[in-house]
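The listed protein sequences correspond, in order, to chains D and S.
If you read the first sequence in our numbering, its first letter stands for residue 568, the second for the next number, and so on.
If you read the second sequence in our numbering, its first letter stands for residue 568, the second for the next number, and so on.
Beta carbons are placed, not taken as given, at the ideal position from N, Cα and C, and that holds for glycine.
One structure below.
Number of protein chains: 2
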Amino acid sequence: MPGEKKHSKKREAILAKIRSMKTHPSAITVYEELRKEIPDLSLGTVYRNLALFREEGKVASVGVVNGQERFDGNTTEHTHFVCTHCGDVMDIDAPLDAHLKEDVASRYGIAVHSHRLTFFGACARCVRS
Amino acid sequence: MPGEKKHSKKREAILAKIRSMKTHPSAITVYEELRKEIPDLSLGTVYRNLALFREEGKVASVGVVNGQERFDGNTTEHTHFVCTHCGDVMDIDAPLDAHLKEDVASRYGIAVHSHRLTFFGACARCVRS
DNA sequence: ATTTATGCAAACGATTTGCAATAGG
DNA sequence: CCTATTGCAAATCGTTTGCATAAAT
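Structure below.
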């Protein structure tokens, strides 16, 4: 019957790779990393599976940095810092008020599904230079 | 002497238009709106001036929504809501704790220049359908 | 006169997509 | 077998850029 999902080694490998990387990689970075282990892997497959994982909630989007979408295998809500000098993305421990989401939803009559808090600036390394 | 900025009617018009729009428009939307008043205006000029305004801090980027960067003529720090159904962007009154930025900066040894808080979900209109 | 701003079209780069071939169940 | 997945390459689409011309000072 149509619509069923099949098992795929490459799909598994892509998800595992994203989850193992703490750099919040772009599709191209995931592709380049994986190619070391799986020489026959195409960029299209990485894009297709990242889109799938995003829909399934298995990965989160950190947003677009320097024209490239960056992904996060950690889907728990947390904050990010983006270095506008080198493009590095790091996790930040700075949770939003737990009630803010519901508060905003009820005040504006909207349905809030997620939020994204990002700080921008210069990372420790770039600050020194 | 080189490096000086010259006055330009089109540049003025682009900035005025962005400031008058509350829809957080993309470059293309600004272009289409302005073309009604200024038939000889090129998209490249809109892109060039938006980039300039962003560098000068005269406009802010709301981030990329459905592949298009969205801009905001209101550069005071505030929160946004993005409807993932229709792509609408609206302002939200939900300020971050004033100390959070400095707090994060000192805790991580980074320089924080700005931040962006965005909620995602379905707007009032899309919630109904 | 000198330098910046613009229009136009070509170039670019990330992402998406069509299709024939391959792998999963 | 039958359907989903992949590789490949071409197509898309937002954005950037080079260059000759126009506008600003």
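- Neighbours of serine 681/S in chain D, taken as residues at a C-beta separation under 8 Å, are given in chain order as Phe686, Phe687, Gly688.
- With a minimum length of 4 residues, the unbroken runs of alpha helix (DSSP H) contained wholly in the stretch 631 to 675 of chain S fall at 667 to 675.
- Here valine 626/D carries a coil assignment [DSSP, helix/strand/coil].
- The contact set of phenylalanine 638/D on chain S, defined by CB atoms closer than 8 Å, is empty, because the minimum CB distance reaches about 14 Å.
- Inclusion of leucine 617/S and valine 626/S in the CB contact set at 8 Å is warranted, their separation being smaller than that value.
- The DSSP-derived three-state label of serine 593/D is strand.
- For the pair of segments examined, the stretch 671 to 686 of chain D was found to touch the stretch 679 to 696 of chain S: the number of CB pairs separated by less than 8 Å reaches three.
- CA-to-CA, the gap between serine 575/D and histidine 591/S works out to about 41 Å.
- Looking from the CA of histidine 652/D, the closest CA among Val679/S, Thr643/S, Phe620/S belongs to Val679/S.
- When 9 Å is used as the limit between beta carbons, alanine 594/D is near no residue of chain S, the shortest such separation being about 14 Å.
- Counting every other CB atom within 10 Å of its CB across the protein chains shown gives isoleucine 677/D a total of 16 or more, marking it as buried.
- Listed along chain S, the residues sitting closer than 8 Å to alanine 661/D by beta-carbon distance are Leu667, Asp670, Val671.
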